[in-house]
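Student:
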Amino acid sequence: GSPPKIPSNATLIFEVELVSWKGEDLSLKNDGSIIRHITTKGKGWKNPNEGALVKVHYVGRHGENVFEDREVEFTVGDAVISNVIEGLDIAVKRMKEGEKCRLDIKPSMAYGSKGNPDLGVPPDAELVYDVELLSFENAKESWEMEPHEKLEQSIIAKTKGTKFFKEGNYKVALKYYDKCQKNLEFETTLKGEDEEKRKEVIVQAHLNMAMCHLKMEQYVKVRDHCNKALDLDDKCVKAYFRRGQAYYAGNDFDLARKDFEKACEIEPENKAAKNQVKICEQKIKQFDKKEKAKYQGMFEKFAAEDSKKPQNRFVDGFEEIGEWDNKMAHGMLPLDQECEAFGEKMPERCNVSQPPGDD
Numbered sequence: 001g002s003p004p005k006i007p008s009n010a011t012l013i014f015e016v017e018l019v020s021w022k023g024e025d026l027s028l029k030n031d032g033s034i035i036r037h038i039t040t041k042g043k044g045w046k047n048p049n050e051g052a053l054v055k056v057h058y059v060g061r062h063g064e065n066v067f068e069d070r071e072v073e074f075t076v077g078d079a080v081i082s083n084v085i086e087g088l089d090i091a092v093k094r095m096k097e098g099e100k101c102r103l104d105i106k107p108s109m110a111y112g113s114k115g116n117p118d119l120g121v122p123p124d125a126e127l128v129y130d131v132e133l134l135s136f137e138n139a140k141e142s143w144e145m146e147p148h149e150k151l152e153q154s155i156i157a158k159t160k161g162t163k164f165f166k167e168g169n170y171k172v173a174l175k176y177y178d179k180c181q182k183n184l185e186f187e188t189t190l191k192g193e194d195e196e197k198r199k200e201v202i203v204q205a206h207l208n209m210a211m212c213h214l215k216m217e218q219y220v221k222v223r224d225h226c227n228k229a230l231d232l233d234d235k236c237v238k239a240y241f242r243r244g245q246a247y248y249a250g251n252d253f254d255l256a257r258k259d260f261e262k263a264c265e266i267e268p269e270n271k272a273a274k275n276q277v278k279i280c281e282q283k284i285k286q287f288d289k290k291e292k293a294k295y296q297g298m299f300e301k302f303a304a305e306d307s308k309k310p311q312n313r314f315v316d317g318f319e320e321i322g323e324w325d326n327k328m329a330h331g332m333l334p335l336d337q338e339c340e341a342f343g344e345k346m347p348e349r350c351n352v353s354q355p356p357g358d359d
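Heads up: the sequence shown is residues 1 to 359, going by the UniProt record's numbering.
#1: If we call anything under 8 Å between Cβ atoms a contact, is residue 138 one with residue 49?
#2: What would DSSP say about residue 87, mapped onto helix, strand or coil?
#3: Per the DSSP calculation, residue 56 is bridged to which residue(s)?
#4: Spell out the partners DSSP gives residue 127 in its beta bridges.
#5: From residue 156 to residue 45, what distance separates their C-alpha atoms?
#6: For residue 244, which residues of its own chain have a beta-carbon under 6 Å away from its beta-carbon, when the five flanking residues on both sides are left out?
#7: Is there contact between the segment 89-108 and the segment 65-80, where contact requires at least three CB pairs shorter than 8 Å?
#8: What residues in its chain sit with their C-beta under 8 Å from that of residue 66, if we drop five residues either side in the sequence?
#9: So if DSSP puts residue 140 in a beta bridge, which residue, or which two residues, is it bridged to?
#10: Using a 10 Å radius around the Cβ and a threshold of 16 neighbouring Cβ atoms, would you call residue 277 buried or exposed?
#11: With a cut-off of 8 Å, do at least 3 Cβ pairs link the segment 207-226 to the segment 245-255?
#12: Check whether the segment 95-113 touches the segment 127-134, taking contact to mean three or more Cβ pairs, one atom from each stretch, closer than 8 Å.
#13: Cα-Cα, which of 151, 230 and 212 is closest to residue 172?
#14: Do residue 178 and residue 151 have their C-beta atoms within less than 8 Å of each other?
#15: Checking 8 Å against the spacing of the C-beta atoms, do residue 273 and residue 241 come in under that value?
#16: Taking residue 160 as the reference, which of 148, 149 and 174 has the closest Cα?
#17: Tell me which residue opens and which closes the beta strand (DSSP E) that residue 36 is part of.
#18: Rounded to whole angstroms, what's the CA-CA distance from residue 37 to residue 266? Just pull it up for me.
#19: Have a look at residue 233 and residue 268 and give me their C-alpha separation to the nearest angstrom.
#20: Name the two residues that bound the continuous alpha helix (DSSP H) containing residue 241.
#21: From residue 197 to residue 235, what distance separates their C-alpha atoms?
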């Protein structure tokens, strides 16, 4: 007890108010778009990895509205195929088997600006998910795979990426193309045809990523992926063409023309590249014409302004350079005294007492 107010063996009742509950930020950019609050700890120390087959039960809520309540199996990294949002796909990799948690998810990691009318989720909705990880089976890590397995998995990832690209889902397509090239990026044991196939798949992945970024108007990234493709294949027409498209979109018409010309050099019959060269030349001429007109206008403006200023006939006290009047010498030292005062040497062939030419 605590005499005199609290006797020994007293039963106490406390009123507690939860002022705040700070969760854990699971977002890849640490921007608060995925916040986890663990309600029941999981068991063991393992987490699902990329490619793991997971089984989860979750309830999705928007305000008081429960819009989804289901148990689902999906492959981590492929959750979108099972109509599972990206935020949950990312979060499940940080969970342990048996764990229960609440996820506060921003629109960027859920249904974004479009919402999901079928589920009754409005645009730009912040959602809450109650999630339980029931079980999972991890996939082989890249370092555990045989070289031919890596090649096979990369081709599968590329195929999935192309499916989403055709559907216009460039963000998801990028993820698969990136996975495709990362599986093979540091593989050095393949030989012969397999090694050529490895390079071919990586080049294709970079070209496809460049196309995705082109569609998303991310032109610097387009150039980056084209450069990586050209590092492996310096005769890759598509890389020059797509990099040229990126330069053109950024109004770098000279650089764009060079890339299209390079594509024509490799493939002389490439009509698309030839056409782009002509378009770039037209743009360059238009640009030069505009620049010339702009500077011509500037010079005419300056000339007009100068013409309005009062004319000054005097230059440093003289009406004209070279004009001299002996009256101007009034009060000055004689030339020999001036030279003596300032330490200057008199001209050898003339002095003040005998003018030049009277020798």
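Beta carbons are placed, not taken as given, at the ideal position from N, Cα and C, and that holds for glycine. Bear in mind that the values here come from a model prediction, so they are computed numbers and not experimental data.
Tutor: Taking the definition as stated:
#1: Taking 8 Å as the Cβ cut-off, residue 138 and residue 49 qualify as a contacting pair.
#2: Helix.
#3: 72 and 133, per the DSSP bridge assignment.
#4: According to DSSP, residue 127 bridges with 105.
#5: Distance between the alpha carbons of residue 156 and residue 45 is about 30 Å.
#6: Hits under 6 Å: 256, 259 and 260.
#7: Yes, the segment 89-108 is in contact with the segment 65-80.
#8: Closer than 8 Å at Cβ, skipping near neighbours: 59 and 60.
#9: Note: residue 140 sits in no beta bridge, so no partner.
#10: Burial is judged here by how many other beta carbons sit within 10 angstroms of a residue's own beta carbon; residue 277 has at least 16 and is buried.
#11: They touch, by the three-pair rule.
#12: Yes: the two stretches touch, three or more of their Cβ pairs being nearer than 8 Å.
#13: Selected option, being the one with the closest Cα: 212.
#14: In this structure, residue 151 does not lie closer than 8 Å to residue 178 by Cβ.
#15: Closer than 8 Å, so yes.
#16: When only C-alpha atoms are compared, the closest one is 174.
#17: That run of the beta strand (DSSP E) goes 34-40.
#18: Between residue 37 and residue 266, the C-alpha separation is close to 57 Å.
#19: Approximately 18 Å, taken between the alpha carbons.
#20: Unbroken alpha helix (DSSP H) run through residue 241: 237-249.
#21: CA-to-CA, the gap between residue 197 and residue 235 works out to about 16 Å.
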